[in-house]
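**Q**
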Amino acid sequence: MPESSDSPAPSAPSDFIRDIVAQHVAEKRYPKIVTRFPPEPNGYLHIGHAKSICLNFGIAREHGGICNLRFDDTNPAKEEIEYVESITNDIRWLIAGWADQCLGFKPKGSHPDKLTTNGKPDYYLGPVDPSGLRSQVSGLSAAEPFFASDYFDALHAFAIELIKRGKAYVCDLTPKETEEYRGAPDKPGKDSPFRNRSVAENLDLFGRMTAGEFPDAARTLRAKIDMASPNVWLRDPLLYRIRHLPHYHAGDKWCVYPLYDYAHCLSDYIEGVSHSACSLEFVPHRPLYDWILENLDLPRPLPRQYEFAKLVPTYTLLSKRNILRLVQEKVVAGWDDPRLPTISGLRRRGIPASAIRKFVISVGVTTFNSVTDIAVFEHAIREELNTTAARRLAVLKPIRLVLTNIPAGEVIECDATNNPQDENPTTRKVALTREVFIESDDFAEVPPPKYFRLKPGGEVRLKYACIIKLDEIVKNAAGAITELRCTAQLDTRSGQPNADKKVKGTIHWVSATHCIDAEVRLYDRLFTVAEPGAAEDFLKVLNPKSLETVVAKLEVSLATAKASDRFQFERLGYFALDQDSTPDSRRIFNRTITLKDTWAK
RNA sequence: UGCCCGAUGGUGUAAUGGUAGCACGAACGACUCUGACUCGUUCUGUCUAGGUUCGAGUCCUAGUCGGGCAGCCA
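Heads up, the final residue of the first sequence is numbered 603 in the numbering used here, and it's a clean run with no missing numbers.
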C-alpha cells in the first residue's frame, strides 16, 4: 500500500460541534477530550466516512485528546473479520502523518476491567492516554482497535442493573406483535402485557435468555419508558434480542446480543468518550442515548451525542447497499475499483489521503442536508497533486511523427523539468530522435478555429525540445493517416540561439525508439447525472465511458515508477501505478484525474 | 394529518444583534516551452409575512418549502 506523502494538514475551521467542545474544554467538564469513530464491520469505508473520521480525529487532535476506532459489532449476523482489516487499514492510511498520534488503541486481547464505584457497577479500560499505552505495548502489532463486542460482559451487567431498578423488563411479544404495539408516529402505542413483571421474574427470565433456554426472537429485553411517547424510539425500545449465532470476535459465548441504542451509549461511556458525533438520522435516538446513561446512575462524566449532516457528493453513490450492488452486478471490478468512492478505491486511483482530508474538511460540519459538488473534491485533488507530482511525458493515443532532418540513430538529449512548482526544480534527460509519437488529439488535418496545436503547414513546440513544422501528411491506401513528416528547428532548443522563439502551441511527445509501453486506465465519473440516487434506477444513468483502457507510450524513466509515486503526464492529468502492476513485465497506470481543460468543447 | 430538525448566490460554507465574506463553479482578460498553474476582473444570495430593536441573516410569532422518525439493522 502506498504511503501517503502528505503536505501539512489543513486546519479545520470551527463548527458548531467544535464550539461545544471548546466550551467544555474551557469548563474542564471532561478530564480528556475523547471521540470515537464507530463503523460496523459489514462493508468498506467510503468518502462519507472520511468526513466523520476527520471530524472525530480532528477534534481529538485539536485538544490533545484521542479518537478511538471502535467496531460497532453487536449484530453477529452481519459482521465479518475481513471488514475489520480493511477498515483499520483505510483509517491508518487516511490519518497517517496527520492524526495518528490521536488514534486510541489498547493492548491486544485486553478487556475492560470492572470497577465498583460507590457500590454501583462501573467499567473502564485502564489508561486512555495513548502515550501511556505505547510504553506498555511493543508496537502497533501488539495493539488493536476497540470492539463493542468486548463490552458484552459489561453491557450485560448494566442490563441486570436496569432490571433491578425496574427500568427494564423481559417481553414475550413476537416481532409482529411488538411492531403492532409500538403504534405509529402519529398514533400512541400500547403497553406490553409483560411490562409489569416483577424484578425477580425479569432477572430469572433474562438469565435464562442468556443461558440459551429460548429460541431466536422468543423474548426480548426492553427498556420501560413510555409507550405513548411522541418519539417512537422511547416506546419501550428493545435492548437485547436472542440470536443463536457465533460472533466473529466474541466467539460462541453469547446467544443474546445488545442492540445499537443500548450498546452505543454505554460503549462510549466505557471508553471514556466525551463527545459522540453521529449523523442526523440519529437525532430522534438522542433522548434514548441519554435515558439509558442517566438511569444507571453512573459515576463518571457522561458522554453526549451530537449530530451532523452526512456528506453527499454529486455524480456518485455512497451507501453500502448501492456500492454493493455495483460490485455484485459487476459494474465495477470490486470494492477497490478506482471509480468507487470507497477509501480503498480512491487510494487505488492515486488520490492522496491529504486531498481527501482537505476536501471533507472544506465541506464543513453543519446540520443542513446539503449536496456537495464533486468539483470541490476534484479541485482538492489537483491542488495537492500539482505541488507534489513529478512531470513526465506520455502519449496516450499515439500518432507517428518523423523529423526528417534528424538522422536515424541520432539521439539528442533534452533537459526536462521534473516539477516547475518546486523552489529549485530538478531536471532529467529525455531523448529526442528522428521518430517520435505525439498525441493524436494534438493534430488536426482540418483544424477548428483557435486551434493552437499541429496543423498542415503549422508550427508547434515539442515540450522541452524544439519547434517543428509540419511538411507532409502520409496516408495509407485506405486514406488513414500513418505518419506526419516534419522539420525540426534544432536551433530553437533550450540554450540554442533561437530558443526564445514563440509559437502558440506546445505539445507533449515521446521518442518512438526510446520509450516503453504501458497499459493506462482512463477513469471518469461513474454516472452521467449529478444525483444518481434520485434516478429511477441508477444502473440506467451509468457513464459508459467511465473506464477506457489504452496502450500508451511512456518516457523510459517511468519504467522504474513505484507504487507511491504520483505523476503528472504533462497536459493530460495525474497518474499513479496500479497495484496490479508487476515489477518488470506489466505496468499499469491509473489516471487519477485529468488536468483542468478550459479548451475542451 | 403526531413529533423532531433544517432553510444565506448554481454549489458548499462564514458572519455568535452592528459593512453579508470565503471557497468551488462559470465568464472574460493577463502570463505561459503544460489551453495546466498563477494573477486580475466580473457573476449571482439571507424562503415569505408580521413583530422586538437605534439597528435583524442572527431574537420572537405565524406560514411556506425541504428532510427525518414506526428493524428483534447500525
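Where is the CB? At the ideal position from N, CA and C, for every residue including glycine.
If you reduce the DSSP assignment to three classes, tell me which class Tyr-153 lands in.
**A** Sequence index remark: in the first sequence, residue 153 carries index 151 (1-based). It is helical.
**Q** Can you tell me whether DSSP reads Ala-537 as helix, strand or coil?
**A** Within the first sequence, residue 537 is the residue found at index 535, counting from 1. Three-state DSSP puts Ala-537 in coil, outside helix and strand.
**Q** Using the rule of at least 16 other Cβ atoms within 10 Å of the residue's Cβ for burial, across every protein chain shown, is Gln-423 buried or exposed?
**A** As a first step, residue 423 must be located in the first sequence, where it is residue number 421. Answer is exposed; the Cβ neighbour count stays below 16.
**Q** Under three-state DSSP, which class holds Pro-409?
**A** Locating residue 409 in the first sequence gives position 407, counting from the first residue. In the structure shown, Pro-409 sits in coil (DSSP, three-state: anything other than H, G, I, E or B).
**Q** Could you check if Leu-117 is buried or exposed, using at least 16 other CB atoms within 10 Å of its CB as the buried criterion?
**A** Sequence index remark: in the first sequence, residue 117 carries index 115 (1-based). Exposed.
**Q** Going by DSSP, which residues form a beta bridge with Asp-511?
**A** Counted from its first residue, the first sequence places residue 511 at position 509. The sequence given here has Trp at residue 511, not Asp. Ile-440, per the DSSP bridge assignment.
**Q** Are Lys-555 and Val-512 close, meaning C-beta to C-beta below 8 angstroms?
**A** By one-based count along the first sequence, residue 555 stands at place 553. By one-based count along the first sequence, residue 512 stands at place 510. Yes, the Cβ-Cβ distance between Lys-555 and Val-512 is below 8 angstroms.
**Q** In this structure, does DSSP put Gly-347 in helix, strand or coil?
**A** The residue given as residue 347 occupies position 345 in the first sequence. Gly-347 falls in the helix class under three-state DSSP.
**Q** Helix, strand or coil for Lys-471, going by three-state DSSP, please let me know.
**A** Your numbering for residue 471 matches position 469 in the first sequence. Residue state, collapsed to three classes: strand.
**Q** May I have a chain-ordered list of the beta strand (DSSP E) segments no shorter than 3 residues that lie completely inside the stretch 169-205?
**A** The stretch 169-205 contains these whole beta strand (DSSP E) runs: 170-173.
**Q** Considering Cα atoms alone, identify which of Glu-447, Thr-494 and Leu-597 is closest to Gly-575.
**A** Here the question's residue 575 lines up with position 573 in the first sequence. The candidate whose alpha carbon is nearest that of Gly-575 is Leu-597.
**Q** One question on the structure: do Gly-366 and Asp-17 come within less than 8 angstroms of each other, judged by their Cβ atoms?
**A** Within the first sequence, numbered from 1, the residue matching residue 366 stands at position 364. Within the first sequence, numbered from 1, the residue matching residue 17 stands at position 15. Yes, the pair counts as a contact, with Cβ atoms nearer than the cut-off.
**Q** Leaving aside the five residues before and after Ala-202 along the sequence, list all residues of the same chain whose C-beta is less than 6 angstroms from its C-beta, in chain order.
**A** What you label residue 202 is simply residue 200 of the first sequence in a count that begins at 1. Once the five neighbours on either side are set aside, Ala-202 has no close Cβ partner at all.
**Q** Roughly how many whole angstroms lie between the Cα atoms of Arg-384 and Phe-571?
**A** Mapped onto the first sequence, residue 384 falls at position 382. Mapped onto the first sequence, residue 571 falls at position 569. Each residue's alpha carbon lies about 13 angstroms from the other.
**Q** DSSP has Asp-526 in a bridge; who is on the other side?
**A** Your numbering for residue 526 matches position 524 in the first sequence. Note: Asp-526 sits in no beta bridge, so no partner.
**Q** May I have a chain-ordered list of the beta strand (DSSP E) segments no shorter than 3 residues that lie completely inside the stretch 211-244?
**A** As far as the stretch 211-244 is concerned, its whole beta strand (DSSP E) runs of at least 3 residues are 222-225 and 240-244.
**Q** May I have the straight-line CA-CA distance separating Thr-406 from Glu-412, to the nearest angstrom?
**A** Against the first sequence, residue 406 aligns to sequence position 404. Against the first sequence, residue 412 aligns to sequence position 410. Roughly 12 angstroms separates the two Cα atoms.
**Q** Please go through the same chain and pick out, in chain order, the residues whose beta-carbon is closer than 8 angstroms to the beta-carbon of Phe-196, but skip the five residues on each side of it.
**A** Locating residue 196 in the first sequence gives position 194, where the first residue counts as 1. So the qualifying residues of the chain are Tyr-171, Val-172, Cys-173, Asp-174 and Leu-175.
**Q** Who pairs with Lys-108 in a beta bridge, going by DSSP?
**A** As a working note, residue 108 is residue 106 in the first sequence. Beta-bridge pairing links Lys-108 to Glu-146.
**Q** Could you have a look at Lys-166 and say whether DSSP puts it in helix, strand or coil?
**A** Position 164 of the first sequence, counted from the first residue, corresponds to residue 166. Looking at Lys-166 - three-state DSSP - the assignment turns out to be helix.
**Q** Verify whether the separation of the beta carbon atoms of Asp-586 and Ala-578 is less than 8 angstroms.
**A** In the first sequence, counting from the first residue as 1, residue 586 sits at position 584. In the first sequence, counting from the first residue as 1, residue 578 sits at position 576. No; because the gap between Cβ atoms is not below 8 angstroms, this pair is not in contact.
**Q** Grouping DSSP H, G and I as helix and E and B as strand, with all else coil, what is Asn-58?
**A** For this step, residue 58 is matched to residue 56 along the first sequence. Reduced to three states, the DSSP call for Asn-58 is helix.
**Q** Taking the alpha-carbon positions, what's the Val-362 to His-113 distance?
**A** In the first sequence, residue 362 corresponds to position 360, counting from 1. In the first sequence, residue 113 corresponds to position 111, counting from 1. Those two C-alpha atoms are separated by around 34 angstroms.
**Q** Can you tell me whether DSSP reads Gly-575 as helix, strand or coil?
**A** Walking along the first sequence from the start, residue 575 turns up at place 573. Strand at Gly-575.
**Q** I need the boundaries of the beta strand (DSSP E) containing Leu-326, first residue and last residue.
**A** Locating residue 326 in the first sequence gives position 324, where the first residue counts as 1. Careful: Leu-326 lies outside any beta strand (DSSP E), inside the alpha helix (DSSP H) at 322-330.
**Q** Could you spell out where the beta strand (DSSP E) holding Asn-70 opens and where it closes?
**A** Residue mapping note: residue 70 aligns to position 68 of the first sequence, counting from 1. Counting along the chain, the beta strand (DSSP E) containing Asn-70 begins and ends at 68-73.
**Q** Check His-113 in the structure and name its three-state DSSP category.
**A** Taking the first sequence and counting its residues from 1, one reaches residue 113 at position 111. In the structure shown, His-113 sits in coil (DSSP, three-state: anything other than H, G, I, E or B).
**Q** For Gln-307, write down the residues that DSSP places opposite it in a beta bridge.
**A** If you number the first sequence from 1, residue 307 lands on position 305. Partner(s): Ser-278.
**Q** Quick check: the stretch 366-383 against the stretch 540-549, are at least 3 beta-carbon pairs closer than 8 angstroms?
**A** In short, these stretches do not touch, since the Cβ pair count stays below three.
**Q** If we call anything under 8 angstroms between Cβ atoms a contact, is Asn-233 one with Pro-286?
**A** As a first step, residue 233 is located in the first sequence; it is residue number 231 there, counting from the start. As a first step, residue 286 is located in the first sequence; it is residue number 284 there, counting from the start. Yes, the pair counts as a contact, with Cβ atoms nearer than the cut-off.
**Q** Roughly how many angstroms separate the alpha carbons of Ile-35 and Leu-240, rounded to a whole number?
**A** Locating residue 35 in the first sequence gives position 33, where the first residue counts as 1. Locating residue 240 in the first sequence gives position 238, where the first residue counts as 1. Going from the Cα of Ile-35 to the Cα of Leu-240 covers about 30 angstroms.
**Q** Tell whether a beta-carbon distance below 8 angstroms holds between Leu-96 and Ile-345.
**A** Your numbering for residue 96 matches position 94 in the first sequence. Your numbering for residue 345 matches position 343 in the first sequence. In contact: Leu-96 and Ile-345 (Cβ atoms closer than 8 angstroms).
**Q** From Gly-60, Ile-89 and His-65, pick the residue whose C-alpha is nearest to that of Lys-30; which is it?
**A** The sequence position of residue 30 within the first sequence is 28, counting from 1. With distances taken between Cα atoms, Lys-30 lies closest to His-65.
**Q** Drop a sphere of 10 angstroms on the beta-carbon of Ser-13, count the other beta-carbons inside from all chains shown, and report buried for 16 or more, exposed for fewer.
**A** Locating residue 13 in the first sequence gives position 11, where the first residue counts as 1. Classification of Ser-13: exposed, given that the 10 Å Cβ count is below 16.
**Q** According to DSSP, which residues form a beta bridge with Tyr-126?
**A** One-based indexing of the first sequence puts residue 126 at position 124. In DSSP, Tyr-126 forms a bridge with Asp-115.
**Q** Could you pull the start and end residues of the beta strand (DSSP E) that Glu-415 belongs to?
**A** For this step, residue 415 is matched to residue 413 along the first sequence. 414-419 is the span of the beta strand (DSSP E), which, as asked, contains Glu-415.
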